[in-house]
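First up is the structure itself, then whatever we jot down about it.
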Amino acid sequence: MSTEHDTTLAAGYVLGTLEQDERERFVQHLATCVECRDEVRSLERVSLALAAGVPSRTPPAALRERVLSVTKGDASERTGQNAGRVLLDLPSRGFTWADPRAWLPVAALLVISAGLGAYAWTLQSRIGSLEARLDVALQEAQASRTALVSAQTAAMGVQRTMAVLAAPDMARIDLTGQAVAPAARARAFWSRDRGLVVAANNLPPLKPGRTYQVWVLPASGAPISAGLLAPDASGVATVAYETASDLPTPAGVAVSEEKAGGVPSPTVEAILLVGKRSA
Amino acid sequence: MVLLAAVARLLPEDRERSADIRRIKEMAAGDASGLSTIYDRHSTAVYSLALRIVREEGEAEDVVQEVFAQAWRQADRYDARRGSVIAWLLIMTRTRAIDRLRMRLARPDRQSTPDPAVLDQLPAAGEDPASGLVAQEDAQRVRQALEELPLLQRMAIELAFFEGLSQSEIAERLEQPLGTVKTRIRLGLLKLRDALGGATA
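Quick note, the sequences are listed as chains H and L, same order. In terms of the numbering used here, the first sequence opens at residue 1 and continues consecutively. In terms of the numbering used here, the second sequence opens at residue 280 and continues consecutively.
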């Protein structure tokens, strides 16, 4: 019983990404295909290097005793108490709980934007721009050690963005341009565990002393500032924000133009992008 | 024994590797000091990988506990021909950590790593370093090479390896056709393999 040779299967097999039936077929194929067996072997070394190449963290000292206690008496597993802390190695940010007066008009905008149609936005282009930004930052870092921090920041942004995109609970919110910037488009990705990513393009150039600010719109209550958004010269911005674990589930996301440094609650007439989470 | 011939070369890694194997034999014989040595040598690698995958310290500690408990119980099943002790521990770590991620999501069950029974059927790797000796050098090279991959390739590999997503889940996340994702994952892994250089034959 021979199976067809598919060069992509060895990689999927080693990473464990194959669907069950694909995997079964590949295992049969492995028995007869030296080429695939060699590829599996060589990629296993890569897989182990990936596993061993994660950032090194020292386990807490108390864990040693807990682990070694397995040798005493019954060898059955014990599950320990859960420390219940989230590890995020990014600097903490401030969250501004906004003034309630802005909320009702924004709700009205949400209803309008929900009726707006399709737009052209691809993750491909978004990742391309993210990548370009990282490249620039890394080149700058090579040119000058002082720029290392910005490269690290860009790298952390990429990490955070990937983590949010990969999050099991990821929710996507499409934002559409309002009257002040009808061509602007954005997409927001939110995960309770991992934060918020906002990717925007066609943002109008900012005047000096002004900034874009991103708002989480809860189902009830005031908009909550997620942070600032700085577009590049072509009006593109991708920013990853850490969000508080007790952040109300976003019913929508909005972007407004504000004075530099941001404001506690959005200026309603300056909202240029808004989107509602589909149910 | 083939293994002793390899050890006779007396590279530091080989020496450590053979010391690990002796510890596992002690564990299999019920000697608890074997486990404490193995823990002291490898708990940082196990904890680091668990934490990278489950992203939560308490849960990573639980994974560490499970992995070493499994190593203690199954020490007699460890087969040095199939890979180093650290490789054995890290495979168990990744499997258990991804299982926990899946449990959180209640995603349908899918095996995250090749079935060990299948690997048994493959010819023994002998002295080939590709059989799973995890040199720190390998880890550094792969980390560096991963950062240099085109971002979509890198994301696809990270989503597969550290998040345990299937190819079709990755395709959906990255808004790419399934075929493209499969190709990118392979290309990316081959580039990582090339970055390891030598000894991949």
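For every residue, glycine included, the Cβ atom is placed at its ideal position computed from N, Cα and C. Quantities reported herein were computed from a predicted structural model and do not represent experimental measurements.
| query | result |
| --- | --- |
| CB contact below 7 Å: threonine 8 (chain H) versus chain L | yes |
| Residues near arginine 172 (chain H) in its chain [Cβ-Cβ closer than 6 Å; skip 5 each side] | Phe189 |
| Leucine 175 (chain H) at chain L interface by Cβ criterion, 7 Å | no |
| Option nearest valine 239 (chain H) by Cα separation, candidates H:Ala199, H:Lys276, H:Gly262 | H:Ala199 |
| Per-residue contacts from tyrosine 357 (chain L) into chain H (C-beta, under 9 Å) | Those do not exist, as tyrosine 357 (chain L) stays about 15 Å from chain H at its closest Cβ, beyond 9 Å. |
| Start and end residues, alpha helix (DSSP H) containing glycine 252 (chain H) | Here glycine 252 (chain H) belongs to no alpha helix (DSSP H); instead the beta strand (DSSP E) covers 250-259. |
| Chain-order list of residues whose beta-carbon lies under 8 Å from that of alanine 31 (chain H) (same chain, five-residue window excluded) | none |
| Interface partners of aspartate 417 (chain L) on chain H, CB under 9 Å | Arg45, Val46, Leu48, Ala49, Ala52, Gly53 |
| Inter-residue spacing [alpha-carbon to alpha-carbon] between isoleucine 271 (chain H) and alanine 254 (chain H) | 7 Å |
| Exposed unless 16 or more other CB atoms sit within 10 angstroms - verdict on glycine 261 (chain H) | exposed |
| Endpoints, the alpha helix (DSSP H) within which lysine 470 (chain L) is located | 457-475 |
| Buried or exposed by the 16-neighbour rule on C-beta atoms within 10 Å, applied to leucine 369 (chain L) | buried |
| Whole-angstrom distance between arginine 187 (chain H) and serine 113 (chain H), CA atom to CA atom | Because serine 113 (chain H) carries a pLDDT of 33, less than 50, the predicted location of this residue cannot be relied on, and the following value inherits that uncertainty. Their Cα atoms are separated by approximately 13 Å. |
| Short Cβ contact (7 Å threshold) for valine 333 (chain L) with leucine 50 (chain H) | no |
| Enclosing alpha helix (DSSP H) for threonine 316 (chain L) [first to last residue] | 311-333 |
| Completely contained alpha helix (DSSP H) runs for the stretch 11-83 of chain H, where each covers 4 or more residues | 20-30, 34-52, 61-68 |
| Residue burial classification, proline 223 (chain H) (beta-carbon count within 10 angstroms, cutoff 16) | buried |
| For valine 198 (chain H): DSSP bridge partner residues | H:Ala188, H:Val239 |
| Residues that DSSP places opposite glycine 227 (chain H) in a beta bridge | H:Val214 |
| Residues, ordered as in the chain, of the stretch 303-331 of chain L that lie near chain H by beta-carbon distance below 7 Å | Ala311, Leu314, Ser315, Tyr318, Ser322, Thr323, Ala324, Tyr326, Ser327, Leu328, Leu330, Arg331 |
| Closer than 7 Å to chain L by CB, alanine 188 (chain H) | no |
| Any C-beta of chain H under 7 Å from that of lysine 470 (chain L) | no |
| Glycine 309 (chain L), buried or exposed, once every other Cβ within 10 Å from all chains shown has been counted against 16 | exposed |
| Backbone secondary structure at alanine 171 (chain H) - three-state DSSP | strand |
| Closer than 7 Å at the beta carbon, the chain L residues around threonine 32 (chain H) | Ordered by position in chain L, no residue passes the 7 Å Cβ test against threonine 32 (chain H), which lies about 12 Å from the chain. |
| Touching by the beta-carbon criterion (3+ pairs, under 8 Å), the stretch 32-40 of chain H and the stretch 350-360 of chain L | no |
| Listed by chain order, chain H residues near isoleucine 449 (chain L) by CB distance under 8 Å | Thr17 |
| CB of alanine 439 (chain L) within 7 Å of CB of valine 460 (chain L), strictly | no |
| Integer Cβ distance of leucine 15 (chain H) from isoleucine 464 (chain L), believed to fall under 8 Å | 7 Å |
| Assigned exposure category for valine 54 (chain H) - 16 Cβ within 10 Å defines buried | buried |
| Chain B contacts from the stretch 218-242 of chain H (Cβ-Cβ distance under 8 Å) | The chain labelled as chain B is not found among the protein chains of the depicted structure, namely H and L. |
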